[in-house]
Amino acid sequence: MLRLIGKRLVGALPSVIGVLIVTFLLTRALPGDPAAFFAGPAATPQAIEEVRRALGLDKTLPEQFVVYLKDLARGDLGNSIATGQPVLTEIRTRLPASLELTLYGLLVSVLIAVPLGVLAATRPGSWIDHLCRVMTTAGVSLPAFFTGLLLVYVLYYRLGWAPAPLGRLDIFYSAPPHVTGLYTIDALLAGDGATFRAACAQLLLPVTALAIFTLAPLARMTRAAMLEVLGSDFIRTARASGLPKGKIVYAYAFRNAMLPVVTTLGMVFSFLLGANVLVEKVFSWPGIGTFAIEALISSDYAPIQGFVLTMALLYVALNLAIDILYIVIDPRVGFES
Amino acid sequence: MQRRVFLFACSAIVAAGLAVGPAAAQSRQETLLVLVENGPNSLDIHGVGTSFRSYVAAWNMYDRLVTFGRKALPDGTMTYDYSKIEPELAESYSVAPDGASITFKLRKDAKFHDGTPVTAKDVKWSYDRAVSVGGFPTFQMAAGSLTKPEQFVAVDDYTFRVDLPKKDKLSLPDMAVVVPAIFNSTLAKKNATEKDPWAMEWMKTNSAAGGAYKLDKWTPGQEITFNRNDDWKGGPLPKIKRVIIREVPSSGNRRALMERGDADISVDMPQKDAAEILAEKGSGKYLVVGVPIENSLKYIGMVTTQKPFDNVKVRQAVAHVVPYEQIYKSAIYGRGIPMALGPADAPKDASWPQPFPYKTDLAKAKQLLTEAGYPDGFETTISIDLGDATASEPEAVLLQEALGKIGIKATIEKIPGANFRNAMLQKNRPIHIASFGGWLNFPDYYFFWGYHGQNAVFNTMAYKDAKMDALIDASRYETDPAKYKQQVMGFIKMAMDEAPRIPLYQQILDVGMQKNIKGYTYWFHRQLDFRQIEKL
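Going down the list, the protein sequences come from chains A and B. Each residue of the first sequence is one higher than the last, beginning at 23 in our numbering. Each residue of the second sequence is one higher than the last, beginning at 5 in our numbering.
If you want it as structure tokens, here you go:
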């Protein structure tokens, strides 16, 4: 197993280096002049040149790349000019925010989608199958930010049940001591029940919006995979041998149907992490997607590069985790051969 | 027994809740929750790339030697008064009879937040820093003839003198803007390095201030909180004890939070929201206070160095085509003061900005265009800033449609915010919709940046005229009020006749606030000053 992980990590190196070069070149190819943008409204051409020098943008591209690599080797991702912070600090505070949102969103989604898919597959044509179909159609056709706005309008603005969409914590709570960066877990570790509840309350609406959105691919995939497995020979054999129905469905069919579901889960997860910008916007969530988009708008190179690099590393880790999950789920899967 | 325990537990919980209740309510009463679209990106007003959103931190945390007075507008709204300079860190100041120097006496009891007394050497260090670090602060200082460290003299611990090359009416007001903030030089020097003698890196995220509000905590991209400095000596003690500025990117959510009463002040109001709430005339849940932004205009500019706009008749033709009324009504929902449709014999006085004498008159426009030699019109482009698309886009569409009526075929070019200034610098966008406002409220200041042949970024039309330059240069240092008025009216008249830029309207700064918020004051930097605000 360790050898596999090591091999995987070494294998990922070329793609990470490729990502580094491509993002570096792409950010430089963006239209827009960061020097002119950050020199501010009262800038003269002279002032803009001064800013350009201060940002090191007067150097040639290869020179800039060498500077970038040197900084990177020291673990310095540069500074975001828009927020004035080191990119590393920004990512360290913002990635957990996005992760927390995405993880809970996926967890809720899995808890609903997988049983729903299994039930729909075992009882095709029944009311639960129709429910599954309605929910997946709704999930696909309602963009998460729209569901989010709707939830805010009804549950906060109209009814006043949900807390104000003001980010990760209500204004009268302060963040728990930093351990994982996930407020719910940090609050529990600190034994701070009130902050835990406050963090959960803030999570409620965005997590619901995300869960509705991600429910569709998961439920559909579970249903399709289950139907396929349930129609296969070994299930027929199991049925013929008179095994109990529960054992057939959960021990044999479900375990075999899990592979495509896990694949989908991985895809949805990586997609969500970067793509829930709109949900973050709606709920003033200080996540990494918002950060990247804002950097892109202001041609702020360092955060874009930092963001893409983080995402690349995250994908490598995620793919590895999914491969390991494959082995755990299905012993026949081997990577040595 | 068990029932008794249960009852006891219940009453204990209720009692605990009661005990907590009033305390929490009180802290809410003393706390001001402000919603913004984007927050500060630096705490250092001299920093590279410090955005205008950061002025709020610099303005409230730091003191300056002098500040502006306040006055009430006709509708009762308070605004700063640029004609009145009041002492802040300085106890008093005196201008030498020949105007060549200004001497400040500092308050002897003023202290920085860490307890260090404020002395003239801190003031000198801060002024030296502003003129030395380059970029925006240095240019802003130069606007008031403050350019070299040798001009600033710490006479003794509590006396500070500024020497001026010549008498300049902008020097003193320029010392009251956000840039010449007074830093704690002892603290700053501790955090300076050999490569970074002005502690630029450290100052980005830390405060070396002594003003009315202390930095509590800054989480970039989320919120910034301030606590009142109870030992502040620069003015009357502010009423609000704690201020929280929270970033809420969605304008719909900012409105929902205001309507539910969860927030006190909302700073970035879309014009449509402001117009709707103003239409309720105070019967709604909260109020909007709108103050015209001084010395600031939204305008249509035409590049005068290229055909066909090098011809004054073509520019005048465009000025007669613009659908002013429609723009006021449907592009900005009435949230702007019209700067066209003025009297035909304008300018009658030296006020600025004032309405230009143009109105929509297609026949006149067609005639001018024919006289200019373009009876069949021509093709051109209208460039707008995507960062300001809410208003600029409908304005451009309305203009495009109107130009079509006299045969000018225009396409619209939308330039992303990051690139707009660069595009304006190139001065080759035939028609562009942009805005410019000056911090110092003098017509000659506006014209120096916007119309003068020195060709600053803001002269987006690349307009150059020797007569106009002469008038602007003369008025800059004119001391005789009658002559000054004549010069100002002279260049305003030229701007109207020559029409390189067609003013559309003066922009309005709309701020939403709950009905119990009193004391809001408009400031030239367009950010909140917490010191005057109270919560009833």
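We treat Cβ as the ideally placed atom computed from N, Cα and C, and that holds for glycine. Keep in mind the model is a prediction, meaning the values are calculated, not measured.
Taking 7 Å as the CB threshold, leucine 110 of chain B stays off the interface with chain A. Excluding sequence positions up to five before and after lysine 368 of chain B, its CB lies within less than 7 Å of the CB of His324, all in the same chain and listed in chain order. Its Cα nearest to that of isoleucine 476 of chain B, the residue B/Tyr449 stands out among B/Asn463, B/Thr464, B/Tyr449. Of all residues in the region 243-255 of chain A, none is placed with a Cβ closer than 8 Å to any Cβ belonging to chain B. Judged by beta-carbon spacing, glutamate 263 of chain B lies beyond the 7 Å limit of lysine 285 of chain B, meaning their Cβ atoms are not closer than that value. Phenylalanine 451 of chain B is classed as buried because its beta carbon has at least 16 other beta carbons within 10 Å across all chains shown. In the DSSP assignment, the residues bridged to asparagine 101 of chain A are A/Pro108. Sequence-distant partners of arginine 74 of chain A (beyond 5 residues in either direction) whose C-beta falls short of 6 Å from its own C-beta, in its chain, are Ala57, Asp80. Here serine 31 of chain B is exposed, its C-beta having fewer than 16 other C-beta atoms within 10 Å. Contact annotation for glycine 189 of chain A against chain B: Gln226 [CB-CB distance below 7 Å, chain order]. Assigned with DSSP and collapsed to three states, valine 515 of chain B falls in strand. CA-to-CA, the gap between threonine 35 of chain B and aspartate 214 of chain A works out to about 24 Å. DSSP places alanine 124 of chain B within a helical segment (H, G or I) once states are collapsed to three. If you draw a straight line from the Cα of leucine 249 of chain A to the Cα of alanine 143 of chain A, it is about 5 Å long.
Contact of aspartate 55 of chain A with chain B is assigned, a C-beta pair being separated by under 7 Å. Interface residue (Cβ-Cβ distance to chain A less than 7 Å): proline 253 of chain B is classified as such.
Take isoleucine 43 of chain A, set aside five residues on each side of it, and no residue of its chain has a beta-carbon closer than 6 Å to its own. Distance from the CA of aspartate 85 of chain B to the CA of proline 296 of chain B, rounded to the nearest whole angstrom, comes to 14 Å. The region 137-155 of chain B makes no contact with the region 106-122 of chain B, as fewer than three CB pairs between them are under 8 Å.
In terms of Cα proximity to phenylalanine 167 of chain A, the closest of A/His152, A/Leu265, A/Pro187 is A/Pro187. Residues of the same chain with a CB within less than 6 Å of the CB of glycine 441 of chain B, apart from the 5 flanking positions on each side, are Ile297, Asn299, Ser300 in chain order.
Between alanine 221 of chain A and chain B, the shortest Cβ-Cβ separation is not below 7 Å.
For phenylalanine 72 of chain B, the pairing in a beta bridge is given by DSSP as B/Ile89. Of the residues B/Val60, B/Ala185, B/Thr81, B/Gly139, the one whose Cα lies closest to the Cα of leucine 69 of chain B is B/Ala185. At the C-beta level, glycine 215 of chain B and tyrosine 97 of chain B stay beyond 7 Å of one another. Counting C-beta pairs closer than 8 Å gives three or more between the region 129-137 of chain B and the region 180-197 of chain B, which meets the contact rule.
Put simply, the CB of alanine 61 of chain B is far from chain A, with every gap to its CB atoms at 7 Å or more.
Taking CB atoms only, glutamine 107 of chain A has a neighbour in chain B less than 7 Å away. For tyrosine 290 of chain B, the enclosing beta strand (DSSP E) stretches over residues 290-296.
Valine 137 of chain B and methionine 204 of chain B do touch by the CB rule: their CB atoms are close to 7 Å apart, below 8 Å. At a Cβ-Cβ threshold of 7 Å, methionine 493 of chain B and alanine 354 of chain B count as neighbours. By the Cβ neighbour-count rule, glutamine 33 of chain B is exposed, with fewer than 16 other Cβ atoms within 10 Å of its own. According to DSSP, residue pairing for tryptophan 222 of chain B in a beta bridge involves B/Ile228. At a cut-off of 7 Å between beta-carbon atoms, aspartate 118 of chain B makes no contact with chain A.
A check of alpha carbon separations from glutamine 86 of chain A across A/Gln327, A/Ala334, A/Leu331 identifies A/Gln327 as the nearest.
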